[in-house]
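Note that the protein sequences, when read in sequence, are chains B and H. Heads up, my numbering is the position in the first sequence plus 1, with the first residue counted as 1. Heads up, my numbering is the position in the second sequence plus 90, with the first residue counted as 1.
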Amino acid sequence: AQRVTQPEKLLSVFKGAPVELKCNYSYSGSPELFWYVQYSRQRLQLLLRHISRESIKGFTADLNKGETSFHLKKPFAQEEDSAMYYCALSGLHGGKSTFGDGTTLTVKP
Amino acid sequence: DVKVTQSSRYLVKRTGEKVFLECVQDMDHENMFWYRQDPGLGLRLIYFSYDVKMKEKGDIPEGYSVSREKKERFSLILESASTNQTSMYLCASSSNPNIQYFGAGTRLSVL
Numbered sequence: 002a003q004r005v006t007q008p009e010k011l012l013s014v015f016k017g018a019p020v021e022l023k024c025n026y027s028y029s030g031s032p033e034l035f036w037y038v039q040y041s042r043q044r045l046q047l048l049l050r051h052i053s054r055e056s057i058k059g060f061t062a063d064l065n066k067g068e069t070s071f072h073l074k075k076p077f078a079q080e081e082d083s084a085m086y087y088c089a090l091s092g093l094h095g096g097k098s099t100f101g102d103g104t105t106l107t108v109k110p
Numbered sequence: 091d092v093k094v095t096q097s098s099r100y101l102v103k104r105t106g107e108k109v110f111l112e113c114v115q116d117m118d119h120e121n122m123f124w125y126r127q128d129p130g131l132g133l134r135l136i137y138f139s140y141d142v143k144m145k146e147k148g149d150i151p152e153g154y155s156v157s158r159e160k161k162e163r164f165s166l167i168l169e170s171a172s173t174n175q176t177s178m179y180l181c182a183s184s185s186n187p188n189i190q191y192f193g194a195g196t197r198l199s200v201l
């Protein structure tokens, strides 16, 4: 069975501080990992996926297969980063995705 | 730009009513999904479909059914709505790679 765990439901940091949103997963095959973001009054949208190895809006995430983690990081948080973040997993060959419970990030001025 | 359109943003229904939630995507995606989003519970998959007339149960299918008669349209049906089905419902579609594109959501209240 595939499972995604986001241990923090709420995370609050000050503007300019580093931020890390944790994600751990369990999956028996080769996973594909994603981070999705939902800003206030907007639809849920893809932020980044591990295969593309991009930095989006200053965020990065590295897949650590040894620790089965895919933590989302940003060195200097901005107020506009305040949102709900979901970590998600699917098999490399497609199929359904499993989402974590989400972390609400608040960046205080 | 991929567009996933859910027919209603808000719905209010009474207990026992049959409820239809409609979702249409315009990118010829094979896969379509229905989730419910509840505070503290994240996104939970209700049903998904890999192709026309094909459907698979997700994690919480009880009390729901789906229909996919055309590739672009995926309907979620609540046969007899109950108060515990009050929630935000999200539709999504995807192709390969498995990036999901979401609709704006339908907030359903069952009274």
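Note that the Cβ used here is the ideal one computed from N, Cα and C, for glycine as well.
Distance from the CA atom of C181/H to the CA atom of E33/B, rounded to whole angstroms, is 21 Å. The three-state reading of DSSP puts T176/H in coil, since its state is none of H, G, I, E or B. D82/B carries a helical assignment under DSSP once its states are collapsed to helix, strand and coil. In this structure, DSSP gives E162/H a state outside helix and strand, which the three-state scheme calls coil. Where V108/B is concerned, the enclosing beta strand (DSSP E) starts and stops at 104-109.
In the DSSP secondary-structure assignment, D128/H is bridged to G132/H.
In the DSSP annotation of this structure, the continuous segment of the beta strand (DSSP E) that includes K75/B starts and ends at 73-75. Residues of chain B with a Cβ closer than 8 Å to the Cβ of I189/H are, in chain order, F35, L47, R50.
Non-local beta-carbon contacts of S13/B in its own chain, meaning distances under 7 Å to residues more than five positions away in sequence, involve T107, K109 in chain order. Q190/H is positioned such that its CB atom lies closer than 9 Å to that of S98/B.
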